[in-house]
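Each remark here refers to the structure printed beneath this line.
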Amino acid sequence: MNNLDTVSADTSNSNTFPAHTHILEDGTVVTHTHNHSHSHSHPHHHENTKAVLNRMSRAIGHMESIKHMVEDGRDCSEVLIQIAAVRSAINNIGKIILEDHINHCIVDAVETGDKKALEDLNEAIEKFVK
């Protein structure tokens, strides 16, 4: 199962952990929090955040229109083609996030000797390419 994670932190309470939103292949959006903090020693500020969020919004809108196609009984071939388009869009979003992560977080991790960040990257790539 491929998913795309985004993190948004609630900074209004220091005891609140960041929420993670996962968009599953079937379009289901799952948001939850972990009861632990992540051990990254670098801030998560990326230059492509706005572009990623815009692309995600478009993909979500596209999925909504596909849902309506199914509800309206549209041709299965048309629905499958549109699903393929959304999958491609989501993969491209992942590529942007990965590139941004490598260019910023991983460069910082290498400079500071943060081996955990490199292990996390390997795990994320393994899940992303499945």
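Take this note's numbering: the final residue in the sequence shown is number 224, and no numbers are missing along the way.
Backbone N, C-alpha and C define an ideal beta-carbon position, used for all residues, glycine too.
Inter-residue CB distance, residue i and residue j (contact presumed, cutoff 8 angstroms)
| i | j | result |
| --- | --- | --- |
| residue 146 | residue 177 | Contact flag wrong, Cβ pair sits at about 21 angstroms. |
| residue 173 | residue 163 | 5 angstroms |
| residue 212 | residue 218 | Incorrect: roughly 11 angstroms between the Cβ atoms, too far for contact. |
Where residue i falls, given that 16 or more other Cβ within 10 Å makes a residue buried
| i | result |
| --- | --- |
| residue 199 | buried |
| residue 195 | buried |
| residue 179 | exposed |
| residue 175 | exposed |
| residue 103 | Note that residue 103 scores 41 on pLDDT, short of 50, meaning its location in the model is unreliable and no value can be drawn from it. |
Member of the options whose CA lies at the smallest distance from the CA of residue i
| i | options | result |
| --- | --- | --- |
| residue 152 | 181, 216, 141, 194 | 181 |
| residue 143 | 212, 156, 219, 187 | 187 |
| residue 223 | 166, 193, 185, 164 | 185 |
| residue 141 | 192, 167, 203, 156 | 192 |
| residue 149 | 164, 172, 183 | 183 |
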